[in-house]
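Read through the structure below, which is laid out as C-alpha cells, and then see the notes.
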Amino acid sequence: MMKPLLVLRRCSSLPCPRPAAPLLLDFLAPSALRHRQYHTTPSYQSTSPAAQPTSEGSKPKYVLNKQQREFLDSALRVNQAGELAATLIYTAQTPQVVRSHPHLRPLMKHMYDQEKGHLTTFNHMIAKHRVRPTAMYPVWEVAATFLGWSTGVMGREAAMACTEAVETEIGSHYNDQVREILSWEADAKSRGEELDDELKEMLPTFRRIRDEELEHLDHAVENDSKEAQPYDPLVNVIRLGCRAAIKISERV
Ligand SMILES: [Fe+2]
Ligand SMILES: [Fe+2]
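Note that the UniProt record's numbering has the sequence shown beginning at 1, numbered continuously upward.
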C-alpha cells in the first residue's frame, strides 16, 4: 500500500501532470490525431466527441462527454479517499476491539485486508487515469484515525456501529456509480457502440467492492452494532460526516 500512496501524496500537493496536448496541427490530420489520443491517454478521457474507431468487425467505442468524464474523475477521487479512511478506521479500532474481544481478531483482519485491497485498486486507477487525488487527504487521515480510535474506545458495539454507518453510505455511493456506468452502457448499446475496455473492467470491480462493503455492514450488524449507546446520534453523525466528506472530495 505504502509505495503508491507516497507517490499520490506527493501528487496531492501539486497539480497532477496531465498528458500534454498533442502539438499536431490537427486540422490537417484529424484522423491521425484521434488515433493518437486514443492510444496515449486513458481512453475514457478522450476529448473526441465522436465514437472511436476500432479494429475491423468490432463495434465503435463509446466516448464519454465532459460531464461523464468529470463524474468518473470525482468518483475515483472519492473512492480512493474513502478506502484510505476505511483502512485507517480499522487500524485505529482493531487493537482496542481485539483486546476486549479476541475472537473478533480474524473478522477485523478480514475487513482490514479487504479495505487495503480496495485502496490498492483505487491507488492504481487514480494513477493510471491521472486523476487528481483529493487535497483533503491529510484532513481525512486525521479524521478517520480519530473516528476509529474514538469508536474503539467506546467499545465493540460502537466500533461496529461506526462500520455500519460508514458502509451504509459507501455502499450506496458505489451503487450510484454502478448505476451510472450501466446507464452509459445502455446508451452505448442504443447507438450501436460499446464501452471502452477500461470502463467495462471498472464495472465488475465497483460491483465487487460494493458487495464487500455491504458484507462488512452485515458483519457489523451481526456483531451488535445496534446495541451501541447512544446508537442513533452516533450513526447519524457518522453518516452525515461521510456524506459531507464525499461531497467535499468530489470537488476538492
Ligand atoms: Fe472498502
Ligand atoms: Fe468497507
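All C-beta atoms in this analysis are idealised placements derived from N, C-alpha and C, irrespective of residue type, glycine included.
Predicted model only: the values in this text are computed from it and were never measured.
In the DSSP assignment, the alpha helix (DSSP H) including residue 204 goes from what residue to what residue?
197-222
Does the Cβ-Cβ distance between residue 161 and residue 225 come in under 7 Å?
yes
Mark residue 212 as exposed unless 16 or more other C-beta atoms lie within 10 angstroms of its C-beta, in which case mark it buried.
buried
Does any heavy atom of ligand 1 sit closer than 6 Å to the C-beta of residue 253?
Any question about residue 253 goes unanswered here, given that the chain covers just 1 to 252.
First and last residue of the uninterrupted alpha helix (DSSP H) at residue 123
105-128
Any contact of the stretch 135-154 with the stretch 194-203, i.e. 3+ C-beta pairs under 8 Å?
no
Can you list every residue whose CB sits closer than 6 Å to some heavy atom of ligand 2, going in chain order?
86, 115, 167, 213 and 216
Restricting to Cα atoms, I'd like to know which of 75, 59 and 107 is closest to residue 222.
107
Could you say if the stretch 110-120 and the stretch 81-101 meet the contact criterion of at least three C-beta pairs nearer than 8 Å?
yes
Taking the straight line between their C-alpha atoms, what separation do you get for residue 167 and residue 229?
19 Å
Exposed unless 16 or more other CB atoms sit within 10 angstroms - verdict on residue 257
Outside the shown range of the chain (1 to 252) lies residue 257, about which nothing can therefore be said.
Taking DSSP as the reference, what is the three-state secondary structure of residue 194?
strand
Hey, could you find the ends of the alpha helix (DSSP H) residue 254 is sitting in?
For residue 254 there is no data in the structure shown, the boundaries of the chain being 1 and 252.
Report yes if the C-beta of residue 83 is less than 6 Å from at least one heavy atom of ligand 1; otherwise report no.
yes
Spatial neighbours of residue 187 within its chain, please: C-beta separation below 8 Å, excluding the five flanking residues on both sides.
62
CA-CA distance, residue 116 and residue 171?
16 Å
Where residue 150 and residue 143 are concerned, what is the direct C-alpha to C-alpha distance, given to the nearest angstrom?
10 Å
Would DSSP call residue 61 helix, strand or coil?
strand
Can you tell which of 246, 163, 250 and 66 has the C-alpha that lies nearest to the C-alpha of residue 217?
163
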